[in-house]
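Trainee:
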Amino acid sequence: MKSLAYVTLFVLALTPSYAFAQQSTGHKKSDEELIKLSLSAASEAIAKDATIVAMDHDGKMRTLRKGTGQWTCMPGHADPANPDPMCGDRNAMEWATAWMDHKEPPANKVGFMYMLQGDGGASNTDPYATKEEPGNSWIKTGAHVMIVGSGAKMLDGYPREAKADPARPYVMWPGTQYEHLMLPVR
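The numbering of the sequence shown is our numbering, which starts it at 535 and goes up by one.
1) Short of 7 Å in beta carbon distance, which residues of its chain neighbour L689, apart from the five on each side in sequence? Order them along the chain.
2) If we count the other Cβ atoms within 10 Å of its Cβ and call it buried at 16 or more, is K662 buried or exposed?
3) Please report the residue range of the beta strand (DSSP E) in which L715 lies.
4) Check the DSSP bridge columns for R599 and list the partner residues they point to.
5) So which of R624, R596, D590, D592 has the shortest CA-CA distance to T602?
6) Measuring CA to CA, which of M589, A584, E578 is closest to K562?
7) Under 8 Å by Cβ, that's how I've got H678 and G652 pegged, so tell me the actual separation to the nearest angstrom.
8) If I measure Cβ to Cβ from P668 and keep anything under 7 Å in the same chain, skipping five residues before and after, which residues do I get?
9) Just the Cα atoms here: how many angstroms apart are V719 and I673?
10) Please list, in chain order, all residues of the same chain as S572 whose beta carbon is under 6 Å from its beta carbon, the five residues on each side excluded.
11) Please classify A575: does DSSP put it in a helix, a strand, or coil?
12) Checking the sheet assignment: what are the DSSP bridge partners for Y648?
13) Compare the beta carbon distance of M647 and G622 with 9 Å and say whether it is the shorter of the two.
14) Shortest alpha-carbon distance to G645 belongs to which of T631, G655, N658, G654?
15) For S657, is the classification buried or exposed, using 16 other Cβ atoms within 10 angstroms of its Cβ as the cut-off for buried?
16) Looking at the unbroken beta strand (DSSP E) that takes in Y662, where does it start and where does it end?
Okay, here's the thing in structure tokens:
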């Protein structure tokens, strides 16, 4: 469960906080609405057996639906313009846990994440930036998937610029131990 909490924090760190977004929209989403939003992050084949988790307003994580597959999905936040739901496999969760703990990602593991609703933006240079600021190369990417983990070391053929084109594949957080491949799908 600890890794689920860290992955949730990973998503929330890349976007405005879930609790804030619920408050700012004036609507607290029901568990069913959160599950539906979470499931929209990936294809039906991936999402149908996924565990669904969400963070409460007090920062505690809870399981909305226990799954039977290797995927975990979460709603991101409630901003209808940038919902940021995501689904990740077990290896992606281990990678996200390492990122949250400021530790080396697991060796010899590649993880896969879906964000088919896109994201609300993140720094392409600072893995820990939580808001857009001058010089942190904020990029908003539409529907995409991510390849994370030790396989990311083979990304030399992909653009590594701080001001990457989010309509094309690019390396996010280039030059850091958390660099990963962003692959737009629409």
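Every residue, glycine too, gets a C-beta built ideally from N, C-alpha and C.
Mentor: Quick look at the numbers:
1) So the qualifying residues of the chain are V705, E713, L715.
2) Reading off the sequence shown, one finds Tyr at residue 662, where the question assumed Lys. When all chains shown are included, Y662 counts as exposed.
3) Following the DSSP letters along the chain, one finds L715 inside the beta strand (DSSP E) bounded by residues 714-718.
4) For R599, which the question treats as bridged, DSSP gives the partners I586.
5) Residue R624 is the option with its Cα nearest to T602.
6) Among M589, A584, E578, the Cα nearest to that of K562 is on M589.
7) Indeed they touch by this definition, with Cβ atoms about 7 Å apart.
8) None.
9) If you take the alpha carbons of V719 and I673, they lie about 16 Å apart.
10) Excluding sequence positions up to five before and after S572, its CB lies within less than 6 Å of the CB of I586, C607, M608, P609, P619, all in the same chain and listed in chain order.
11) Coil.
12) Bridge partners of Y648: C621, V679.
13) Less than 9 Å separates the beta-carbon of M647 from that of G622.
14) Each of T631, G655, N658, G654 was checked against the Cα of G645, and the nearest Cα belongs to T631.
15) Taking every protein chain shown into account, the CB of S657 has 16 or more other CB atoms within 10 angstroms, so this residue is buried.
16) No beta strand (DSSP E) contains Y662, which DSSP labels as neither H nor E.
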